[in-house]
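Engineer:
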Amino acid sequence: MKNIIEFDTLPSTNLYLKENYHQLADRTVVVANHQTAGRGRLSRRWEDSDDLLFSILLKDNLPHNLANISLLVAASLYKTLNEILDNVTIKWPNDILVKGKKLAGILLESVVIGEKVDCIIIGVGINVNTVKLSEELKQKATSIYLQINRKINKKELLEKFLKEFRRDYQFYSENKSDYLQICRDHSYVIGKEVIVTINNQPKKALVLDILENGNILLLINEKKVELNSGEITLQELY
12 MKNIIEFDTL PSTNLYLKEN YHQLADRTVV VANHQTAGRG RLSRRWEDSD DLLFSILLKD
72 NLPHNLANIS LLVAASLYKT LNEILDNVTI KWPNDILVKG KKLAGILLES VVIGEKVDCI
132 IIGVGINVNT VKLSEELKQK ATSIYLQINR KINKKELLEK FLKEFRRDYQ FYSENKSDYL
192 QICRDHSYVI GKEVIVTINN QPKKALVLDI LENGNILLLI NEKKVELNSG EITLQELY
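The sequence shown begins at 12 in the numbering used here and counts up one residue at a time.
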């Protein structure tokens, strides 16, 4: 991935690619030091400090299943961050946790023209060198700095991730990728009881598995239920 475009500030790296993808090459990476309108899944706002914020553009030979790509990115992130940190886990469908606190998030979006997917945009935010979090955030989020008490080079971290992702994506296209097994082996939620919100209705559920199509398998009221990430949110039972 040689096409890396860097900005100091953007409203959103995903939005930049959405607006400019026609004139950009496949696998273009856009990086911003700060985002003024960054957001996560379900339009939740992403708050950035000294973080790594970037998006990747996919245009050629696009996969059909976005859920699988989200899990593949999660596996690439896991391998990258596991070299630096202990207790890294993947919270289906799009968060990376350390000791149960959010360290990174993934936001996948697509541009659809008619019935054709024109491009896929992978947005990633990693809490890297944030030194201090608000009282509210420190209960549920962390940063690499807060875990190891030293700052790391964000450019080197990006290069490591892109190397992992490039390899994983190539293996995925050849049906050789181990991303799903990584997401299962290092899942934060498999085997846990959670609160599942479906159509604004909270239900208790046991997480059984992550399936090959990217969906999650739950046990709700003694019945197995398969759901996708667009249908639910998960909250751990404490």
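The beta carbon of each residue, even a glycine, is placed where N, CA and C say it ideally should be.
In this text, all values refer to a predicted model and were calculated from it rather than measured experimentally.
1) Taking all protein chains shown into account, decide if Arg55 is buried (16 or more other Cβ within 10 angstroms of its Cβ) or exposed.
2) Less than 7 Å between C-beta atoms, sequence neighbours within five positions excluded: which residues of the same chain meet that for Gln158?
3) To which residues of the same chain is Ser188 closer than 7 Å at the C-beta, ignoring the five residues directly before and after it?
4) So what does Val218 bridge to, in DSSP terms?
5) Thinking just about the alpha-carbon of each residue, which of His33, Leu68, Asn224 and Ser87 is nearest to the one in Glu175?
6) Need the endpoints of the alpha helix (DSSP H) that Thr24 sits in, please.
7) Start and end of the beta strand (DSSP E) containing Glu175?
8) Out of Gly111, Ala115, Gly202 and Lys102, which one is the CA nearest neighbour of Gly136?
9) With the cut-off set at 8 Å, would you say Asp61 and Asn164 are in Cβ contact?
10) Quick check on Lys187: does DSSP put it in helix, strand or coil?
11) Mapping the DSSP letters down to three states, classify Gln34 as helix, strand or coil.
12) Taking Cβ positions, are Ala78 and Gly202 nearer each other than 8 Å?
13) So, using beta-carbon positions, are Asn25 and Gly134 closer together than 8 Å?
14) In three-state DSSP terms, what is Tyr199?
15) Less than 8 Å separating the beta-carbons of Gln46 and Ser81?
16) Give the DSSP-derived three-state secondary structure of Leu73 in the structure shown.
17) May I ask which residues mark the beginning and end of the alpha helix (DSSP H) holding Lys149?
18) Quick check on this structure: which residue in Val40, Asn31, Tyr32 and His33 has the alpha carbon closest to the alpha carbon of Ile15?
19) From the DSSP output, read off the bridge partner residues of Glu94.
Structural biologist: Reading it off the structure:
1) Walking along the sequence shown from the start, residue 55 turns up at place 44. Reliability of the predicted coordinates at Arg55 is poor, the pLDDT of 49 falling under 50, and no value is obtained from them.
2) Walking along the sequence shown from the start, residue 158 turns up at place 147. Contacts found: Leu96 and Val109.
3) Residue 188 sits at position 177 when you count from the first residue of the sequence shown. Hits under 7 Å: Leu83, Asp179 and Phe182.
4) Here residue 218 refers to the residue found at position 207 of the sequence shown. Bridge partners of Val218: Leu229.
5) Within the sequence shown, the letter at position 164 stands for residue 175. Of the candidates His33, Leu68, Asn224 and Ser87, the one whose C-alpha sits nearest the C-alpha of Glu175 is Ser87.
6) Taking the first residue of the sequence shown as 1, we reach residue 24 at position 13. Residues Thr24 to Asn31.
7) As a working mapping, residue 175 is identified with position 164 in the sequence shown. Looking at the DSSP string, Glu175 is not in any beta strand (DSSP E); the run it does join, the alpha helix (DSSP H), is Lys165 to Ser184.
8) For the purposes of this step, residue 136 is identified with residue 125 of the sequence shown, where counting begins at 1. Ranking the options by Cα distance to Gly136, first place goes to Ala115.
9) The sequence position of residue 61 within the sequence shown is 50, counting from 1. The sequence position of residue 164 within the sequence shown is 153, counting from 1. Contact flag unset, no.
10) For the purposes of this step, residue 187 is taken as the residue at position 176 of the sequence shown. Correct three-state label for Lys187: coil.
11) Residue mapping note: residue 34 aligns to position 23 of the sequence shown, counting from 1. In the three-state reduction of the DSSP assignment, Gln34 falls in the helix class, which pools H, G and I.
12) The residue labelled residue 78 in the question sits at position 67 within the sequence shown. The residue labelled residue 202 in the question sits at position 191 within the sequence shown. Contact: no.
13) Position 14 of the sequence shown, counted from the first residue, corresponds to residue 25. Position 123 of the sequence shown, counted from the first residue, corresponds to residue 134. Cβ atoms of Asn25 and Gly134: closer than 8 Å.
14) In the sequence shown, the residue the question calls residue 199 occupies position 188. Reduced to three states, the DSSP call for Tyr199 is coil.
15) Position 35 of the sequence shown, counted from the first residue, corresponds to residue 46. Position 70 of the sequence shown, counted from the first residue, corresponds to residue 81. No.
16) The count along the sequence shown starts at 1 and reaches residue 73 at position 62. DSSP places Leu73 in coil when its eight states are reduced to three.
17) Counting from 1 along the sequence shown, the entry for residue 149 is found at position 138. Start and end: Glu146 to Lys149.
18) Translated into positions along the sequence shown, residue 15 becomes position 4. Here the closest residue by C-alpha is Val40.
19) Counting from one through the sequence shown, the residue named residue 94 turns up at place 83. Answer by DSSP bridge pairing: none, since Glu94 is not bridged.
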